[in-house]
Structure formats: C-alpha cells, structure tokens
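First up is the structure itself, then whatever we jot down about it.
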Amino acid sequence: MAGFANAIYSHVSPSLALFAVFRTFLRKNTVLLTTAFAGAFAFELAFDITSNKVWDSWNQGRQWKDIKHRYMVKEEEDDE
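Okay, so the sequence shown: first residue is 1 according to the numbering used here, each after it adds one.
Quick look at the structure:
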C-alpha cells in the first residue's frame, strides 16, 4: 500500500507546496473569511480600474471629460 501512495504522490509533489498554502488559509474560519474578503476587495478594485481604462480607451474623444472645454464658457472677470 505504501508503494501505491508513493506512486500517486510522486507526480503531485510540486502541488504539495500549493496544498500547504491552501491548508494555511483554510485552517481557521477567520483566516478563510479574511482571505476571501480581501481577495474579493482586491479583485473588485482591479476589475473596476481595468474596465474603466478599457472604456476610456475605446471612447476616447467622445466623453464629456474630453470635450468639455469646447462647450464650457469661462466667465470673464469684471474690472471695477
């Protein structure tokens, strides 16, 4: 039986380090929840930033922030 187990885990040895990392984060519920919330927050932040940059690059020159200077009239200062 030991030979069978060695045969199974011999090709999986690089993933043992990955297993140790996951075991570290899944050992306690508080660590799991903290990791999940931090990961979700980081993913949301990265997704929002990336999607905004893609949107801005595809719509460059057609957004209000790009054409506002054409339509905004600067008020002239009154010399009194």
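For every residue, glycine included, the Cβ atom is placed at its ideal position computed from N, Cα and C. Every value quoted in this text rests on a predicted model; they were computed, and no experiment measured them.
State the CB to CB distance for the pair Leu26 and Leu32, rounded to an integer number of angstroms; the pair is presumed to be in contact (CB under 8 Å).
6 Å
Give the DSSP-derived three-state secondary structure of Asn59 in the structure shown.
coil
Beta-carbon contacts of Ile67 that lie in its chain and below 8 Å, excluding the five residues immediately before and after
Gly61.
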